[in-house]
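The block underneath contains the structure these notes are about, expressed in structure tokens.
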Amino acid sequence: MALVIKNEPRWYAAYTKPRNEKKVFERLMAAGIEAYLPLQRRLKQWSDRKKLIEEPLFRSYIFVRIIPKDYYNVLNTFGIVRYITFEGKAVPIPDNQINIIKQLLEQDVEVESVEEKLEPGALVEVKFGSFVGLIGELIEHKGKKKVIVRIDHISHSLLVSLPAQHITKAVAK
1048 MALVIKNEPR
1058 WYAAYTKPRN
1068 EKKVFERLMA
1078 AGIEAYLPLQ
1088 RRLKQWSDRK
1098 KLIEEPLFRS
1108 YIFVRIIPKD
1118 YYNVLNTFGI
1128 VRYITFEGKA
1138 VPIPDNQINI
1148 IKQLLEQDVE
1158 VESVEEKLEP
1168 GALVEVKFGS
1178 FVGLIGELIE
1188 HKGKKKVIVR
1198 IDHISHSLLV
1208 SLPAQHITKA
1218 VAK
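All residue numbers in the sequence shown are consecutive under my numbering, ending with 1220.
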């Protein structure tokens, strides 16, 4: 059983107004609140041009690392709608899940956020490469086999394209 210290900063997910993630991130940082906005570079194509842009991995979500006294400071930030809750309470997100998101975005792999409405498949473990030890679920998405990594409490997952030889069936522990 882990000991939880009340004034220890914890990560929470907050829902923002649509297309306000970057502005909210700047406001939180200016207020001295630690925030994380996972951004991914994507090539966007319009009828007349192509452009590499940075867009949020999770639309309308931002992560904040706060102590209890900052709870309402986040809610009072213009552009924040509410915390992501379970049974009416904001649920802390474990540090290791935030670290997984950061690690995935630092690597040269295709990452896609999806709402968690996928059929369950075989649990797999990454045996080679940058993600050794990462356990996920093997799925087929858009005709490709991918590993899904669940981010608890926000009903989202990350899809990672990895070479088939890098994964094996996970052993039950």
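Glycine included, each C-beta is placed from N, C-alpha and C at the ideal position.
No experiment lies behind these values; they were computed from the predicted model shown.
Own chain, CB closer than 6 Å to residue i, minus 5 neighbours either side, in chain order
{"i": "Ile-1198", "result": "Gln-1144"}
{"i": "Glu-1157", "result": "Ser-1208"}
Distance CB(residue i)-CB(residue j) smaller than 9 Å
{"i": "Ile-1195", "j": "Leu-1185", "result": "yes"}
{"i": "Gln-1154", "j": "Phe-1178", "result": "yes"}
{"i": "Val-1111", "j": "Ile-1080", "result": "yes"}
{"i": "Ile-1114", "j": "Glu-1055", "result": "yes"}
{"i": "Leu-1152", "j": "Pro-1085", "result": "yes"}
N- and C-terminal bounds of the alpha helix (DSSP H) containing residue i
{"i": "Ile-1147", "result": "1142-1153"}
{"i": "Leu-1075", "result": "1068-1077"}
Rounded Cβ spacing between residue i and residue j (contact assumed at less than 8 Å)
{"i": "Arg-1088", "j": "Leu-1099", "result": "6 Å"}
{"i": "Ile-1223", "j": "Ala-1060", "result": "No statement about residue 1223 is possible, as the shown extent of the chain runs from 1048 to 1220 and does not include it."}
{"i": "Glu-1068", "j": "Pro-1103", "result": "5 Å"}
{"i": "Val-1138", "j": "Leu-1075", "result": "The pair is not a contact, with the Cβ atoms about 19 Å apart (cut-off 8 Å)."}
{"i": "Lys-1193", "j": "Val-1173", "result": "So it is not a contact: roughly 12 Å between Cβ atoms."}
{"i": "Ile-1140", "j": "Trp-1058", "result": "4 Å"}
Reduced DSSP secondary structure (H/G/I, E/B, other) of residue i
{"i": "Val-1207", "result": "strand"}
{"i": "Pro-1115", "result": "helix"}
{"i": "Val-1138", "result": "coil"}
{"i": "Val-1179", "result": "coil"}
Unbroken beta strand (DSSP E) run spanning residue i, endpoints
{"i": "Arg-1088", "result": "1086-1092"}
{"i": "Arg-1106", "result": "Careful: Arg-1106 lies outside any beta strand (DSSP E) and carries neither H nor E."}
{"i": "Glu-1172", "result": "1170-1173"}
{"i": "Arg-1129", "result": "1127-1130"}
{"i": "Glu-1081", "result": "1081-1083"}
{"i": "Arg-1096", "result": "Taken as a continuous stretch (DSSP letters only), Arg-1096 belongs to no beta strand (DSSP E), as it is neither H nor E."}
{"i": "Thr-1063", "result": "1057-1063"}
Sequence-distant residues of the same chain with beta carbon closer than 7 Å to residue i, five excluded per side
{"i": "Leu-1090", "result": "Lys-1097 and Leu-1099"}
{"i": "Tyr-1062", "result": "Ser-1107, Tyr-1108, Val-1128, Arg-1129 and Ile-1131"}
Heavy atom of the ligand NAD within 8 Å of residue i beta-carbon
{"i": "His-1203", "result": "By its list of ligands, the structure shown contains no ligand whatsoever, and the ligand NAD lies outside what it can speak to."}
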